[in-house]
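To start, the structure under review is shown below, and the notes come after it.
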Amino acid sequence: MLDLTFTQITEWLGFVWWPFVRFAGFFLVVPFFGDTRIPVVVRILLPMIFSIMCAGIIDSVPSLNPFSIQAYVFAIYQFSFGFILGMVVLLFMNIFSIGGQAVSMQMGLAMAVMNDPSSGASVPITARIFNITAMLLLLSLDAHLIILDIFVDSFRHWPFDTVYPFEGIKHVLTMFGWMFSSALIIAIPAMLTMMLSNVTFGFLGKIAPSLNIFTLGFPMTMLLGMFALMLSIFGVGDIFFDLVSEMRDHMNYVLSL
Numbered sequence: 192m193l194d195l196t197f198t199q200i201t202e203w204l205g206f207v208w209w210p211f212v213r214f215a216g217f218f219l220v221v222p223f224f225g226d227t228r229i230p231v232v233v234r235i236l237l238p239m240i241f242s243i244m245c246a247g248i249i250d251s252v253p254s255l256n257p258f259s260i261q262a263y264v265f266a267i268y269q270f271s272f273g274f275i276l277g278m279v280v281l282l283f284m285n286i287f288s289i290g291g292q293a294v295s296m297q298m299g300l301a302m303a304v305m306n307d308p309s310s311g312a313s314v315p316i317t318a319r320i321f322n323i324t325a326m327l328l329l330l331s332l333d334a335h336l337i338i339l340d341i342f343v344d345s346f347r348h349w350p351f352d353t354v355y356p357f358e359g360i361k362h363v364l365t366m367f368g369w370m371f372s373s374a375l376i377i378a379i380p381a382m383l384t385m386m387l388s389n390v391t392f393g394f395l396g397k398i399a400p401s402l403n404i405f406t407l408g409f410p411m412t413m414l415l416g417m418f419a420l421m422l423s424i425f426g427v428g429d430i431f432f433d434l435v436s437e438m439r440d441h442m443n444y445v446l447s448l
């Protein structure tokens with residue numbers, strides 16, 4: 192008969208529980224894995240399955256004592272580790288949402304909104320188009336596997352006895368500037384096209400005051416806006432490769448801090 196002590200059981204549980212907590216913090220904010228449209232049971236099973244798969248590559252893990260306050264503090268500690276890396280991926284996906292919102296405002300379609308199923312917030316339709324395009328590219332190019340591979344490396348770069356990565360948090364905060372500048376790069380073809388059309392209609396209003404600019408301007412703005420949207424969508428593919436490479440570099444840099 193196999194005799195197991197309480198110490199042995201807590202040690203074995205630690206090999207699954209602590210990676211599970213870190214994976215849970217990561218999947219909470221990462222798009223696709225943490226989408227609210229995925230059933231709760233699946234969202235709980237995903238980090239559990241990955242933690243069991245990674246249990247064999249982890250060298251040393253503290254034992255799990257569910258009756259100690261230190262265990263709850265350490266759980267929050269590990270949860271935040273995964274949350275920090277997940278924020279890098281979330282900022283990457285928000286680039287396309289912000290770019291789509293900028294295009295929508297220039298087209299005059301800021302009032303055309305729909306509910307985002309993942310967050311419940313109202314977002315412009317063009318932002319959803321950009322977001323869905325980015326998600327399809329992410330999955331078709333296996334970029335989600337690259338993200339998971341980098342996250343698994345966190346158990347090597349950030350072992351369970353490592354100090355808290357405050358420098359990593361600072362770097363994630365500086366990435367907001369990267370997010371907005373990258374969104375501007377995506378939206379700038381449409382923004383320039385719409386700016387030129389507005390300048391043209393302004394000249395027409397001065398040259399031919401009898402011409403009803405409001406009657407002519409809105410449908411022409413919509414037509415040019417659709418053309419500008421096509422330009423932006425066609426350019427997303429090339430920009431996407433560069434942004435995925437930058438996101439990978441940001442994740443590796445955060446792990447190295």
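Heads up: the sequence shown runs through residues 192 to 448, numbered per the working numbering.
In this text, a Cβ means the ideal position worked out from N, Cα and C, and glycines have one as well.
Counting only unbroken stretches of 4 or more residues, the alpha helix (DSSP H) elements lying wholly within the region 223-258 are 231-245, in sequence order. For the pair of segments examined, the region 287-303 was found to touch the region 315-326: the number of CB pairs separated by less than 8 Å reaches three.
Minimum Cα-Cα distance from residue 287 among the listed residues 324, 261, 274, 271 corresponds to 324.
With respect to residue 351, residue 252 sits close: the two C-beta atoms are nearer than 8 Å.
The three-state secondary structure of residue 304, taken from DSSP, is strand. The DSSP-derived three-state label of residue 314 is strand.
The DSSP assignment places 404-447 as complete runs of the alpha helix (DSSP H) inside the region 388-448, in order along the chain (cut-off: 4 residues).
The three-state reading of DSSP puts residue 210 in helix, counting H, G and I together.
The way I'd put it, the region 216-225 does touch the region 277-286; three or more beta-carbon pairs between them come closer than 8 Å. Taking residue 249 as the centre and dropping the five residues before and after it, the same chain places the C-beta of 346 closer than 6 Å to its C-beta, in chain order. Between the C-alpha atoms of residue 216 and residue 303 there is a straight-line separation of about 33 Å.
With respect to the 8 Å criterion, residue 415 and residue 386 are not classified as neighbours on the basis of their beta carbons. Our two residues, residue 299 and residue 205, have alpha carbons roughly 55 Å apart in a direct line. In the three-state DSSP reduction, residue 340 falls in the helix class (H, G or I).
With a cut-off of 8 Å on Cβ pairs, the region 261-269 is not in contact with the region 363-370, counting fewer than three such pairs. In this structure, the CA atom of residue 393 is about 16 Å from the CA atom of residue 382. Looking from the CA of residue 218, the closest CA among 259, 244, 277 belongs to 277. The continuous alpha helix (DSSP H) containing residue 282 extends over residues 260-298.
In this structure, residue 360 sits near residue 275, with a CB-CB distance shorter than 8 Å.
In this structure, residue 201 lies away from residue 285, with their beta-carbon atoms at least 8 Å apart.
For residue 351, there is no enclosing alpha helix (DSSP H), as DSSP marks it with neither H nor E.
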